[in-house]
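Trainee:
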């Protein structure tokens, strides 16, 4: 009854083009969040875990990944404007607000505004990260000096040659590696429900 009475809305969809492990160009569509960096590593580990449906398993995988993770040197262009080369722990191309078992990575993102909220987290030491990690769950992390938010319609990300493979995760599935291009397709799918 609730679903049948819910309003119908047109929402944006993200399109991702990226490299598969075999080197072939792939394309996927997403509604929520695509990310590169530690997120892809964690999802890969979670998916390999027998306990992957438990929040504690996700946190365990996040912590164990963080211990060995090396930040990735990447070049980013948002709407054809290049950002300086830097080392990032994670870059989240967000159409939706929440990912990773409740993290409010892009607390003000809207599914129907025609923009991605791109959240970039520069490299942090473990203690610094875990001191502020709880803020991601409350959506109050954007004031951290190593976290930035940029809105855009097209995001291109390239790994530097010496940085190794940088994994990509799309809506909870680890799908491939950089380079990748993410584009928003505004108001392109009908959904029934409350946004």
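Numbering (our numbering), first residue to last: 254 to 448. We put the beta carbon where it would ideally sit given N, CA and C, even for glycine.
Looking at the secondary structure, which residues open and close the beta strand (DSSP E) in which residue 282 lies?
Mentor: Where residue 282 is concerned, the enclosing beta strand (DSSP E) stretches over 278 to 283.
Trainee: Just to confirm the assignment, what range does the beta strand (DSSP E) spanning residue 413 have?
Mentor: Careful: residue 413 lies outside any beta strand (DSSP E) and carries neither H nor E.
Trainee: Roughly how many angstroms lie between the CA atoms of residue 409 and residue 337, to the nearest whole one?
Mentor: 13 angstroms
Trainee: Would you mind sorting residue 371 into buried or exposed? The rule is 16 or more other CB atoms within 10 Å of its CB.
Mentor: buried
Trainee: Quick one: is the Cβ of residue 383 within less than 8 angstroms of any heavy atom of the ligand NAP?
Mentor: Ligands displayed in this structure: none; no statement on the ligand NAP is therefore possible.
Trainee: Taking residue 219 as the reference, give the member of 376, 395 and 401 with the closest Cα.
Mentor: For the chain, the structure presents residues 254 to 448; residue 219 sits outside this window and is missing.
Trainee: Under 8 angstroms by Cβ, that's how I've got residue 210 and residue 352 pegged, so tell me the actual separation to the nearest angstrom.
Mentor: Beyond the ends of the chain as shown, which are 254 and 448, falls residue 210; an answer cannot be given.
Trainee: So what's residue 396 in DSSP terms, helix, strand or just coil?
Mentor: Helix at residue 396.
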